[in-house]
Amino acid sequence: MNKYEDQYYIVFKKYDEHTLYLASLQKTADRDYEYEKLDLGDEPLYFENAYKEQDKTNPSPKKIGQFHMNMDLLIVHNEIREKLKDFKIDNFQLYPSVIIDDEGQLHDNYWYFSIYKEFDCVDYENSEIRNYEENVDDHKIRKYIFSEEAMDNIPEERRLIFRPMNMNIGHTIIHKKIVNIFKQFDTSALNLVKVSEWHAGTQFR
33 MNKYEDQYYI
43 VFKKYDEHTL
53 YLASLQKTAD
63 RDYEYEKLDL
73 GDEPLYFENA
83 YKEQDKTNPS
93 PKKIGQFHMN
103 MDLLIVHNEI
113 REKLKDFKID
123 NFQLYPSVII
133 DDEGQLHDNY
143 WYFSIYKEFD
153 CVDYENSEIR
163 NYEENVDDHK
173 IRKYIFSEEA
183 MDNIPEERRL
193 IFRPMNMNIG
203 HTIIHKKIVN
213 IFKQFDTSAL
223 NLVKVSEWHA
233 GTQFR
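Counting the sequence shown from 1 gives a position; the numbering used here is that position plus 32.
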């Protein structure tokens with residue numbers, strides 16, 4: 033382990049009955065928004081409750097909060113965006129988004145964490161990777177060790193938020209400086225796990 037694993041956190045959704053899980057509308061899914069740089073002049077991304085039908089019988093509707101996740105990427109309220117917008121982060125943009133609640137009301141003060149290019153930062157020799165093979169783009173990561181050389185070569189501000197390259201899961205990884213900003217708000221929908229303490233599956237405990 034090196035110093036960097038203690039500086040970064042993996043962002044997971046909170047797995048409980050109160051969490052609102054978001055799915056993209058088809059017109060958003062068709063844009064390949066997970067890995068494409070988005071044109072800020074285009075329309076927003078649209079998301080809704082992934083379990084809308086099942087939740088119709090739920091006497092306590094799931095609330096829209098300040099943080100949500102779609103797959104492994106974040107959607108944050110404008111208040112968080114205001115704290116992040118001046119950072120110069122590589123391959124990252126905050127993109128306008130709309131959450132549609134179960135009554136059909138639009139909540140348009142949200143921003144999607146668009147990480148459109150992955151960061152080649154994993155130390156393959158020292159990380160724990162299941163059935164490791166060279167020259168593949170979907171390594172089954174079990175535990176991260178970052179390449180000190182890759183990290184040292186990029187100024188800290190430019191790597192405050194990233195997704196590691198060539199992993200089977202597109203984890204969103206954020207620096208502790210971003211975590212400290214998040215904690216000024218209600219992070220109850222998130223599970224923030226320090227990289228040095230994470231091993232595949234620990235996020236479910």
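All residues carry an ideal CB built from backbone N, CA and C; glycine is no exception.
Original post:
What is the DSSP secondary structure of ASP140, reduced to helix, strand or coil?
Top reply: strand
Original post:
Does DSSP put ASN167 in a helix, a strand or coil?
Top reply: coil
Original post:
DSSP state of GLN98, grouped into three classes?
Top reply: coil
**OP:** Could you say which of MET197, VAL227 and PRO196 lies nearest to VAL211 if we only look at CA atoms?
**Re:** VAL227
Original post:
Hey, GLU49 and LEU105 are a contact pair by Cβ (cut 8 Å); roughly how many whole angstroms apart?
Top reply: Their Cβ separation, rounded to whole angstroms, is 22 Å, which puts GLU49 and LEU105 out of contact at 8 Å.
Original post:
According to DSSP, is PHE214 helix, strand or coil?
Top reply: helix
**OP:** Tell whether a beta-carbon distance below 8 Å holds between TYR142 and ILE193.
**Re:** no
Original post:
VAL168: which of MET199, LYS208, ALA232 and ILE206 sits nearest, CA to CA?
Top reply: MET199
Subject >> CA-to-CA distance, GLN125 to SER146, given in whole angstroms >> reply: 5 Å
Subject >> Distance CB(ASN123)-CB(TYR144) smaller than 8 Å >> reply: no
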